[in-house]
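**Q** Pasting in a structure now, in structure tokens, and then I'll have a few things to ask.
Number of protein chains: 2
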Amino acid sequence: MSLDLTETTITEAVQKTFTAAHDDRMREVFCSLVQHLHDFTREVQLTGDEWFTAVDFLERVGQMSTPTRQEFVLLSDILGLSVLVDQIAHQDGSTSTTDSTLLGPFFVEGRPKAENGSDISGGVDGTPLFCHGSVVDSAGNPVAGAHVDTWHSDGDGFYDVQQAQKLHDKLAMRALLTTDERGRFWYRSIAPRYYPVPTDGPCGEILRAADRSAMRPEHIHFWFQAEGYEPLITMLFRYGDPYLETDAVFGAKRSLVVEFVDHQAGETAPDGTTMTEPFQTVEWTFTLERKDQGDVTDRAEQT
Amino acid sequence: MSLDLTETTITEAVQKTFTAAHDDRMREVFCSLVQHLHDFTREVQLTGDEWFTAVDFLERVGQMSTPTRQEFVLLSDILGLSVLVDQIAHQDGSTSTTDSTLLGPFFVEGRPKAENGSDISGGVDGTPLFCHGSVVDSAGNPVAGAHVDTWHSDGDGFYDVQQAQKLHDKLAMRALLTTDERGRFWYRSIAPRYYPVPTDGPCGEILRAADRSAMRPEHIHFWFQAEGYEPLITMLFRYGDPYLETDAVFGAKRSLVVEFVDHQAGETAPDGTTMTEPFQTVEWTFTLERKDQGDVTDRAEQT
Numbered sequence: 094m095s096l097d098l099t100e101t102t103i104t105e106a107v108q109k110t111f112t113a114a115h116d117d118r119m120r121e122v123f124c125s126l127v128q129h130l131h132d133f134t135r136e137v138q139l140t141g142d143e144w145f146t147a148v149d150f151l152e153r154v155g156q157m158s159t160p161t162r163q164e165f166v167l168l169s170d171i172l173g174l175s176v177l178v179d180q181i182a183h184q185d186g187s188t189s190t191t192d193s194t195l196l197g198p199f200f201v202e203g204r205p206k207a208e209n210g211s212d213i214s215g216g217v218d219g220t221p222l223f224c225h226g227s228v229v230d231s232a233g234n235p236v237a238g239a240h241v242d243t244w245h246s247d248g249d250g251f252y253d254v255q256q257a258q259k260l261h262d263k264l265a266m267r268a269l270l271t272t273d274e275r276g277r278f279w280y281r282s283i284a285p286r287y288y289p290v291p292t293d294g295p296c297g298e299i300l301r302a303a304d305r306s307a308m309r310p311e312h313i314h315f316w317f318q319a320e321g322y323e324p325l326i327t328m329l330f331r332y333g334d335p336y337l338e339t340d341a342v343f344g345a346k347r348s349l350v351v352e353f354v355d356h357q358a359g360e361t362a363p364d365g366t367t368m369t370e371p372f373q374t375v376e377w378t379f380t381l382e383r384k385d386q387g388d389v390t391d392r393a394e395q396t
Numbered sequence: 094m095s096l097d098l099t100e101t102t103i104t105e106a107v108q109k110t111f112t113a114a115h116d117d118r119m120r121e122v123f124c125s126l127v128q129h130l131h132d133f134t135r136e137v138q139l140t141g142d143e144w145f146t147a148v149d150f151l152e153r154v155g156q157m158s159t160p161t162r163q164e165f166v167l168l169s170d171i172l173g174l175s176v177l178v179d180q181i182a183h184q185d186g187s188t189s190t191t192d193s194t195l196l197g198p199f200f201v202e203g204r205p206k207a208e209n210g211s212d213i214s215g216g217v218d219g220t221p222l223f224c225h226g227s228v229v230d231s232a233g234n235p236v237a238g239a240h241v242d243t244w245h246s247d248g249d250g251f252y253d254v255q256q257a258q259k260l261h262d263k264l265a266m267r268a269l270l271t272t273d274e275r276g277r278f279w280y281r282s283i284a285p286r287y288y289p290v291p292t293d294g295p296c297g298e299i300l301r302a303a304d305r306s307a308m309r310p311e312h313i314h315f316w317f318q319a320e321g322y323e324p325l326i327t328m329l330f331r332y333g334d335p336y337l338e339t340d341a342v343f344g345a346k347r348s349l350v351v352e353f354v355d356h357q358a359g360e361t362a363p364d365g366t367t368m369t370e371p372f373q374t375v376e377w378t379f380t381l382e383r384k385d386q387g388d389v390t391d392r393a394e395q396t
């Protein structure tokens with residue numbers, strides 16, 4: 094370093110302070126981060142006022158973040174970063190396994206476990222939905238004992254954690270299930286709905302200033318974890334949803350758009366009940382990737 | 094947008110969502126930000142685990158930030174971003190005005206006003222220091238009535254806000270002064286000391302992992318504001334300080350290194366007192382830039 098740094102030489106001076114990093118990967122990540130952050134700052138000739146605005150913005154994002162309101166995840170989502178990270182992790186382009194997509198800000202660690210066949214709606218009103226899934230490997234063999242996290246919004250597009258007062262902090266419309274010996278899982282809940290991402294925080298300021306749609310198409314989240322398989326974080330999107338092509342977080346993928354089948358009152362539900370009201374069914378087969386398949390090297394594990 | 098985004102096409106898709114921004118500058122800044130953020134992510138092939146680590150890190154930075162503990166400012170500082178923004182703002186390369194440097198995380202809005210000649214140490218023990226400054230324009234004419242913010246550490250390298258418990262939340266070693274009709278300001282305080290930036294927060298994790306020095310060379314902060322002149326945020330560094338060339342926040346500049354003169358007990362202080370203990374004096378002339386001089390266009394004002 095020197096006492097005579099310029100707008101140009103500052104970048105290398107900062108990068109040099111990472112040469113003694115204990116971890117090669119840390120050095121690589123920070124040298125690249127500093128380069129791109131400085132390049133951005135020079136490219137737009139960022140002003141002091143804009144820097145103040147950015148610092149204040151990031152502080153507010155951090156201060157709004159809680160385990161049930163992940164504003165930094167949302168910021169990453171609306172900048173397309175979350176989807177990009179997911180795409181990088183799955184760039185082998187395998188078409189034999191189910192596509193992943195982003196986690197989103199509404200996953201909650203303390204979700205309840207549930208038995209297959211149970212009602213996970215937590216008593217929230219809505220159109221009954223019966224979800225049936227199969228988990229298989231790329232040869233079509235069932236994956237028994239897989240952990241299946243699922244979570245979704247209510248019929249107004251709100252997650253339980255956004256309705257904490259109304260629900261007295263009870264979690265609803267989410268559960269951790271386990272596949273049976275034939276790789277199957279199934280549950281009853283209520284139909285979700287398209288919804289806007291939360292716009293009452295700092296991220297909402299960006300969306301409004303850019304006149305961007307905050308809407309996410311209707312979907313159900315899934316997170317599969319099974320021994321010997323790569324974890325799979327994904328969603329099923331409803332065919333025909335008006336917001337499929339303008340997903341505010343860039344998460345919708347053609348391969349994950351499926352039919353949410355409408356049924357009339359009087360029809361028989363998959364669990365044998367004769368329903369007295371209209372209901373929906375959705376059925377899908379999820380294909381996991383074996384850990385020894387393809388390039389599953391995890392950089393984080395290397396270092 | 095489409096349902097078939099790839100690791101490459103995602104960037105343009107995100108940029109397109111900013112085309113309707115009401116403000117041209119916002120569109121420019123966010124399109125560049127998205128480009129560089131995505132380029133960085135692709136270049137290092139950021140993993141999902143690393144993304145989680147980054148989100149958690151930024152949340153913790155935000156949650157630690159308060160008006161007196163500006164952890165996001167510190168993050169910007171240790172990545173050289175704060176100094177870069179300052180360099181961009183002053184790239185006209187004028188040598189006729191005093192160099193600026195970064196604000197740092199310890200400026201406090203509610204600092205007390207003080208009269209010239211007063212003791213601003215707030216009763217904190219230390220080696221007495223007498224600071225005398227002159228504020229002039231580039232022709233050498235005095236700038237009367239300029240607001241002069243000054244703040245500095247104690248003799249152990251701690252700012253008042255880091256010693257809030259000991260000082261019962263009283264602000265000390267900082268004040269807002271005003272220059273007299275001859276552009277002069279002067280005060281008594283105590284000598285500051287080199288110190289480490291705070292390392293008990295998330296930024297400390299980066300410094301430790303990179304085996305980086307956390308030390309800042311001894312300095313006094315100044316922020317000048319006067320009608321008709323560009324504001325000037327700067328510091329005076331002590332000649333001979335061992336950390337001048339390894340400033341953890343890249344803020345030290347050759348033009349701002351000045352003599353902090355040591356005096357013995359028995360010598361007369363600038364205020365006429367015969368001192369019974371050793372003391373220091375520092376004297377400097379600060380040259381402000383007129384608002385109509387050179388390229389003072391502020392992008393933030395344009396838009």
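Listed in order, the protein sequences are those of chains A and B. Taking the numbering used here, the leading residue of the first sequence gets 94, the next gets one more, and so forth. Taking the numbering used here, the leading residue of the second sequence gets 94, the next gets one more, and so forth. Glycine included, each C-beta is placed from N, C-alpha and C at the ideal position.
#1: Under 8 angstroms, Cβ to Cβ, is there at least one residue of chain A near Glu338/B?
#2: Excluding sequence positions up to five away, which residues of its chain have a Cβ less than 7 angstroms from the Cβ of Gly233/A?
#3: Which of the three DSSP states is assigned to Ile313/B in this structure?
#4: Using a Cβ-Cβ cut-off of 7 angstroms (strictly less than) and excluding sequence neighbours within five positions of Gly321/A, which residues of its own chain qualify?
#5: Is His183/B buried or exposed, if buried means 16 or more other CB atoms sit within 10 Å of its CB?
#6: Chain A beta carbons: is any one of them nearer than 8 angstroms to that of Ile181/B?
#7: Pairing CB atoms from the region 310-330 of chain B with CB atoms from the region 232-247 of chain B, are three or more of them under 8 angstroms?
#8: List the endpoints of the continuous beta strand (DSSP E) containing His245/B.
#9: Please state the DSSP three-state secondary structure of Thr366/B.
#10: Since Thr99/A meets chain B, which of its residues come closer than 8 angstroms, beta carbon to beta carbon?
#11: Under a Cβ-count criterion, where at least 16 other Cβ atoms within 10 Å of its own Cβ denotes burial, should Thr112/A be classed as buried or exposed?
#12: Any beta carbon from chain B within less than 8 angstroms of Val254/A's own beta carbon?
#13: Return the residue from the list Thr194/A, Leu96/A, Thr272/A and Thr220/A that minimises the CA-CA distance to Asn412/A.
#14: Residues of chain A with CB closer than 7 angstroms to the CB of Leu126/B, please, in chain order.
#15: For the beta strand (DSSP E) containing Asp117/A, list its first residue and its last residue.
#16: Closer than 9 angstroms by beta-carbon distance: list the chain B residues that pair up with Ala307/A, in chain order.
#17: Does DSSP put Ala302/B in a helix, in a strand, or in coil?
#18: With the cut-off set at 8 angstroms, would you say Pro295/A and Arg153/A are in Cβ contact?
#19: Mind listing the chain A neighbours of Ser169/B? Cutoff is C-beta to C-beta under 8 angstroms, in chain order.
#20: Return the residue from the list Phe123/B, Gly155/B, Phe133/B and Phe223/B that minimises the CA-CA distance to Asp364/B.
#21: Between Phe111/A and chain B, is the shortest Cβ-Cβ distance under 8 angstroms, so that the two count as touching?
#22: Decide yes or no for the touch test of the region 111-126 of chain B against the region 293-312 of chain A: beta carbon pairs closer than 8 angstroms, at least 3 of them.
#23: So with Cβ pairs under 8 angstroms, would you call Gly197/A a contact of chain B?
#24: Against chain B, does Ala106/A count as a neighbour if the rule is that its beta carbon must be under 8 angstroms from one of theirs?
#25: Within 10 angstroms of the Cβ of Tyr332/B, are there 16 or more other Cβ atoms? Answer buried if so, exposed if not.
#26: Exposed or buried, what is Pro198/B when buried is set at 16 or more other beta-carbons lying within 10 Å of its beta-carbon?
#27: Could you check if Ser348/B is buried or exposed, using at least 16 other CB atoms within 10 Å of its CB as the buried criterion?
#28: Out of curiosity, what's the CA-to-CA distance linking Ala257/A and Pro291/A?
#29: For Val176/B, which option in Val107/A, Phe379/A and Ser214/A has the closest C-alpha, if you only look at C-alpha atoms?
#30: What span of residues does the alpha helix (DSSP H) with Arg286/A cover, start to end?
#31: Since Glu121/A meets chain B, which of its residues come closer than 8 angstroms, beta carbon to beta carbon?
#32: Quick one: is Asp116/B near chain C, going by C-beta distance under 8 angstroms?
#33: Can you look up Ser158/A in the DSSP assignment and give me helix, strand or coil?
#34: Going by beta carbon distance, what residues of the same chain come within less than 8 angstroms of Pro160/A, once the five residues before and after it are set aside?
**A** From the atom records:
#1: Yes, contact with chain A.
#2: Around Gly233/A: no qualifying Cβ.
#3: strand
#4: Counting only Cβ-Cβ distances below 7 angstroms, and skipping sequence neighbours, we find Arg383 and Lys384.
#5: buried
#6: yes
#7: yes
#8: For His245/B, the enclosing beta strand (DSSP E) begins and ends at His240 to His245.
#9: coil
#10: Gln180
#11: exposed
#12: The beta carbon of Val254/A does not come within 8 angstroms of any beta carbon belonging to chain B, so the residue lies off that interface.
#13: In the structure as shown, chain A begins at 94 and stops at 396. Residue 412/A is therefore absent and cannot be evaluated.
#14: Phe133
#15: Segment Asp117 to Val137 is the alpha helix (DSSP H) holding Asp117/A; no beta strand (DSSP E) there.
#16: Those within 9 angstroms of Ala307/A in chain B number zero; the least Cβ separation is about 11 angstroms.
#17: helix
#18: yes
#19: Trp144 and Val148
#20: Phe223/B
#21: Yes, its Cβ sits closer than 8 angstroms to a Cβ of chain B.
#22: yes
#23: no
#24: Using a Cβ-Cβ cut-off of 8 angstroms, Ala106/A counts as an interface residue toward chain B, since at least one Cβ of chain B sits closer than that to its own.
#25: Exposed is the call here.
#26: buried
#27: exposed
#28: The straight-line gap from Cα to Cα measures roughly 14 angstroms.
#29: Val107/A
#30: Neither: Arg286/A is in no alpha helix (DSSP H) and is coded neither H nor E.
#31: Within 8 angstroms Cβ-Cβ: Val137.
#32: Here chain C cannot be found, since the structure's protein chains are A and B.
#33: coil
#34: Val201 and Glu202
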